[in-house]
Each structure stands twice: as C-alpha cells, then as structure tokens.
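Per this note's numbering, the sequence shown starts with residue 13, numbered consecutively. Where is the CB? At the ideal position from N, CA and C, for every residue including glycine. Here is the structure we will look at, set down as structure tokens.
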Amino acid sequence: MKNKELIIGTLIGLLASAIGLLLTLLIFGKGNSMSDSLNIAINNNVLTRLVSLGAILNLGVFFLFLKQHKDLRAKGVLIATIIVAIVTIIVRFV
C-alpha cells in the first residue's frame with residue numbers, strides 16, 4: 013500500500029512537470045506551434061531551462077499533498093523532481 017502511494021506521487025510529479033513544460037513553452041515559446049517552440053528551444057540550447065521552469069509546478073502539488081496529510085505522495089513528487097533534475101543535468105552536459 014505504501015509503495016502504491018509513492019508511485020502515484022511520482023507519476024503525478026512527472027505529469028505536473030510535463031504540464032509545466034507545456035505551459036512554459038506556451039508562455040516563452042517563439043514558434044507558431046508547440047513543436048516549433050520545442051525545436052527552437054532545442055536548437056538554441058534553452059530546453060533544459062524550460063524544463064527547470066516547468067518543474068516549478070511540482071512545488072504546488074508537493075504542498076497540496078502535505079496539506080492533505082498525504083506524505084508518501086508528497087515524497088513521490090519530491091522523487092519526481094529529483095528525477096527531472098538529474099535528467100536535466102544529463103541532457104545539459106552531454
């Protein structure tokens with residue numbers, strides 16, 4: 013049961029990061045479409061910055077779970093944030 017809550021929190025954290033990335037692309041994107049904005053971000057080497065901005069959405073989800081006393085789900089969101097950070101570092105320096 014504990015692992016289920018942790019996995020749910022991790023999946024919600026990854027989903028929140030993906031939604032945050034899409035919102036960041038909508039706000040800061042310079043292309044005519046999402047795929048254009050994504051390609052421009054990749055070509056200009058700013059994709060990692062946009063991913064980092066998108067992960068800020070996890071902050072709200074994390075505190076929402078803490079307020080609801082769902083500590084394991086909040087821990088899962090924290091794990092998802094760490095996963096996004098590690099992937100961002102790898103993409104940035106490789």
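The DSSP-derived three-state label of A97 is helix. In the three-state reduction of the DSSP assignment, S45 falls in the coil class. In the DSSP assignment, I24 falls within the alpha helix (DSSP H) that extends over 14-40.
Taking 8 Å as the cut-off, the Cβ atoms of V89 and V73 count as close. Per DSSP, reduced to three states, the secondary structure at K82 is coil, with no helix or strand assignment. Boundaries of the alpha helix (DSSP H) around V63: 59-66. Leaving aside the five residues that flank G41 on each side, the residues in its chain whose CB is nearer than 6 Å to its CB run, in chain order, S49.
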